[in-house]
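Here the working numbering is used: the first residue of the sequence shown is 22, the next is one more, and so on. Notes follow the structure.
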Amino acid sequence: MTSAQTEGLIAMLTVFAILVLLILPSVVGIVHDKRVDRQIRKAREYRTAHGVTRTV
22 MTSAQTEGLI AMLTVFAILV LLILPSVVGI VHDKRVDRQI RKAREYRTAH
72 GVTRTV
């Protein structure tokens, strides 16, 4: 492997790492929102099934 190929590989890996660092917070946020939505849906289903009409 020549030095030009090594530099190209390092540059490509650096760009990939930066891309991952930019995308990771979005993915974590999406997963968190899905979990919260699931919890809200479950609570709503519980309230309608058990006749709970009001919370304190």
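Every residue gets a Cβ at the ideal spot worked out from N, C-alpha and C, and that includes glycine.
Could you check whether the Cβ of residue i sits closer than 8 Å to any Cβ belonging to chain B?
i          : result
residue 59 : No chain B appears in the structure shown, which is made up of a single protein chain.
Go ahead and pull the three-state DSSP assignment for residue i.
i          : result
residue 53 : helix
residue 73 : coil
residue 27 : helix
Roughly how many whole angstroms lie between the Cα atoms of residue i and residue j?
i          : j          : result
residue 28 : residue 39 : 16 Å
residue 50 : residue 57 : 11 Å
residue 52 : residue 43 : 16 Å
residue 41 : residue 48 : 10 Å
residue 24 : residue 54 : 45 Å
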